[in-house]
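Novice: Be aware that the sequence shown starts at 1, since it is given in full-length UniProt numbering, and climbs by one per residue.
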Amino acid sequence: MLILVGLVPWGHMASAEPDRSPSFATPDTASSYVVTFHENGLANNTTWSVSINSVIFSSRTSYINASLPAGLRDYLVDVPANYSGPRYGTFTVVNSSLNISLNYRYNCAVVLQESGLPSQALWWANVTNSSGTVSYFSRGPTIRWTAFPGPYQYAVGTSSPGFVPAQS
Numbered sequence: 001m002l003i004l005v006g007l008v009p010w011g012h013m014a015s016a017e018p019d020r021s022p023s024f025a026t027p028d029t030a031s032s033y034v035v036t037f038h039e040n041g042l043a044n045n046t047t048w049s050v051s052i053n054s055v056i057f058s059s060r061t062s063y064i065n066a067s068l069p070a071g072l073r074d075y076l077v078d079v080p081a082n083y084s085g086p087r088y089g090t091f092t093v094v095n096s097s098l099n100i101s102l103n104y105r106y107n108c109a110v111v112l113q114e115s116g117l118p119s120q121a122l123w124w125a126n127v128t129n130s131s132g133t134v135s136y137f138s139r140g141p142t143i144r145w146t147a148f149p150g151p152y153q154y155a156v157g158t159s160s161p162g163f164v165p166a167q168s
């Protein structure tokens with residue numbers, strides 16, 4: 001009869017019955033490693049979360065720690081909709097801790113509204129910032145786009161003869 005009480009240290013004999021060969025304890029191969037997700041760009045105290053294998057880790061600080069065994073994982077990130085940046089990804093834990101950086105930028109909704117043009121008249125806005133110029137077109141009363149914080153210049157125009165932008 002074999003009776004084991006307590007833990008047997010690695011490599012120490014666990015059984016010494018006269019009619020059996022000794023057996024040895026083996027190490028736990030399911031070690032866990034800390035995976036740290038670090039966000040940059042969210043406003044202070046913003047709630048955000050990371051979902052790994054349907055387990056949600058949430059935080060109001062700039063980091064989230066998850067303790068995981070080695071292996072390939074997919075993740076989903078939930079941040080407020082007015083931030084642009086990574087929303088999902090894949091990582092592999094290979095017998096060591098891992099750091100994953102997530103960079104976000106705040107988006108500002110911008111609306112230009114025209115008045116005085118004929119119905120369905122084509123008009124546009126050329127918007128310039130440090131990244132270059134983008135043109136937005138509309139046949140309705142508004143032009144909308146999302147901008148990152150920073151300085152912008154814009155110029156508007158129309159293809160309707162006899163109409164020019166009024167200075168305001």
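Glycine included, each C-beta is placed from N, C-alpha and C at the ideal position. Since the structure is predicted, the reported quantities are computational estimates derived from the model, not experimental observations.
Which same chain residues, not among the five before or five after residue 74, have their C-beta less than 6 Å away from its C-beta?
Specialist: Here the question's residue 74 lines up with position 74 in the sequence shown. For residue 74, where only same-chain residues beyond five positions count, the Cβ hits under 6 Å are 90.
Novice: Output yes or no for whether 8 Å exceeds the beta carbon distance between residue 68 and residue 85.
Specialist: Numbered from its first residue, the sequence shown carries residue 68 at position 68. Numbered from its first residue, the sequence shown carries residue 85 at position 85. No; because the gap between Cβ atoms is not below 8 Å, this pair is not in contact.
Novice: With a CB to CB cut of under 8 Å and the five nearest residues on each side skipped, what residues in its chain are close to residue 142?
Specialist: As a working mapping, residue 142 is identified with position 142 in the sequence shown. Excluding residues within five positions, the ones whose Cβ falls inside 8 Å are 111, 112, 113, 114.
Novice: Rounding to the nearest angstrom, what Cα-Cα distance links residue 31 and residue 100 in this structure?
Specialist: Residue 31 sits at position 31 when you count from the first residue of the sequence shown. Residue 100 sits at position 100 when you count from the first residue of the sequence shown. Straight-line Cα distance between these residues: approximately 20 Å.
Novice: Does the Cβ of residue 109 have 16 or more other Cβ atoms within 10 Å, making it buried, or fewer, making it exposed?
Specialist: Taking the sequence shown and counting its residues from 1, the one referred to as residue 109 is at position 109. Residue 109 is exposed by the Cβ-count criterion.
Novice: Would you say residue 53 touches the ligand HEM, meaning its beta carbon is less than 7 Å from a heavy atom?
Specialist: For the ligand HEM, the structure offers nothing, since it holds no ligand at all.
Novice: Label residue 21 either buried or exposed according to how many other C-beta atoms from any shown protein chain fall within 10 Å of its C-beta, with 16 as the threshold for buried.
Specialist: What you label residue 21 is simply residue 21 of the sequence shown in a count that begins at 1. With a pLDDT of only 44 at residue 21, under 50, the local geometry of the prediction cannot be trusted, and the value read off the model is given with reservation. Burial call: exposed.
Novice: Would you say residue 158 and residue 121 are within 8 Å of each other, going by their C-beta atoms?
Specialist: For the purposes of this step, residue 158 is identified with residue 158 of the sequence shown, where counting begins at 1. For the purposes of this step, residue 121 is identified with residue 121 of the sequence shown, where counting begins at 1. Cβ distance < 8 Å, so residue 158 and residue 121 count as in contact.
Novice: Could you check the C-alpha separation between residue 156 and residue 146 for me, to the nearest Å?
Specialist: In the sequence shown, the residue the question calls residue 156 occupies position 156. In the sequence shown, the residue the question calls residue 146 occupies position 146. Roughly 17 Å between the two C-alpha positions.
Novice: Using the rule of at least 16 other Cβ atoms within 10 Å of the residue's Cβ for burial, across every protein chain shown, is residue 37 buried or exposed?
Specialist: Position 37 of the sequence shown holds residue 37. Buried is the call here.
Novice: Roughly how many angstroms separate the alpha carbons of residue 136 and residue 123, rounded to a whole number?
Specialist: Residue mapping note: residue 136 aligns to position 136 of the sequence shown, counting from 1. Residue mapping note: residue 123 aligns to position 123 of the sequence shown, counting from 1. Taking the straight line joining both Cα atoms gives about 9 Å.
Novice: Assuming residue 88 contacts residue 41 (C-beta within less than 8 Å), just tell me the rounded distance between them.
Specialist: Translated into positions along the sequence shown, residue 88 becomes position 88. Translated into positions along the sequence shown, residue 41 becomes position 41. Rounded, the Cβ-Cβ distance is 17 Å, inconsistent with contact.
Novice: Based on Cα-Cα distance, which residue from 66, 167, 44 lies nearest to residue 104?
Specialist: Stepping through the sequence shown from its first residue, residue 104 is reached at position 104. Checking every option, the nearest Cα to that of residue 104 belongs to 44.
Novice: As a quick exercise: from 52, 53, 59, 54, pick the residue whose alpha carbon is nearest that of residue 39.
Specialist: Your numbering for residue 39 matches position 39 in the sequence shown. Nearest C-alpha to residue 39: 59.
Novice: Does the CB of residue 92 have a neighbour CB from chain E at under 8 Å?
Specialist: Looking at the structure shown, chain E is missing, and only one protein chain is on hand.
Novice: For the stretch 56–119, which segments carrying the beta strand (DSSP E) assignment without a break, of at least 3 residues, lie completely within its bounds, in sequence order?
Specialist: 63–69, 71–78, 88–93, 98–103, 108–113
Novice: On a Cα-Cα basis, can you pick out the residue from 50, 92, 70, 55 that is closest to residue 62?
Specialist: In the sequence shown, residue 62 corresponds to position 62, counting from 1. Here the closest residue by C-alpha is 50.
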